[in-house]
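Residue numbers (the numbering used here): 27 to 209. What follows is a short report on a single structure.
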């Protein structure tokens, strides 16, 4: 058999096996069409907040609740980070997600700070609320009333403030996948 014929035969054989395997899996699952399982909830994206004084404030989210965990928002996984600088002074922090609840276009995520250059922040739980309004998203955070993530006390999971801050135009966008728990 010539080299081209061998390559064509191997490629055709692999394609047939792949097609047969996919069709068999679809039939075994009870249908001819494969539908991916939707996450129970998520919050993703990056954006800067608007401040008239020129503060550079950025929030980034990569938080997910798997479909299998739809009844337990404390099984959420992922990370989020935030930073706040003005005139060269400020701080940043990164957190490991420990809870995610979404409803419609609003998400509340909390997590424990795992890294930061803000003294006393590491190990503190913080929460953030996002209202996904397309290009006009809003955001709030658990330390809004106390001034610093280090002053949030013993904050429980999935607690934050109303989304009172505006996202700076053209700096990014957040996406919320609404939670639809089966009750």
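C-beta: ideal position from N, C-alpha, C; glycine also.
Between 111, 73, 100, 97, which has its C-alpha nearest residue 81's C-alpha?
Of 111, 73, 100, 97, the residue nearest in Cα terms is 111.
Query raised in the report: Where does residue 148 fall in DSSP's three states?
Result: Annotated three-state conformation of residue 148 is coil, per DSSP.
- prompt: Does the Cβ-Cβ distance between residue 154 and residue 85 come in under 9 Å?
  reply: Cβ atoms of residue 154 and residue 85: closer than 9 Å.
Pairwise C-alpha distance: residue 115 and residue 128 = One alpha carbon belongs to residue 128, the other to residue 115, and they sit about 33 Å apart.
key: Straight-line gap, residue 175 to residue 121 (C-alpha atoms, nearest Å)   = Cα to Cα, the separation comes out at about 11 Å.
ask   = Below 9 Å between beta carbons: does that hold for residue 125 and residue 100?
value = Yes. Within cutoff.
With distances taken Cα to Cα, identify the nearest neighbour of residue 165 among 134, 96, 65, 90.
The shortest Cα separation from residue 165 among 134, 96, 65, 90 belongs to 134.
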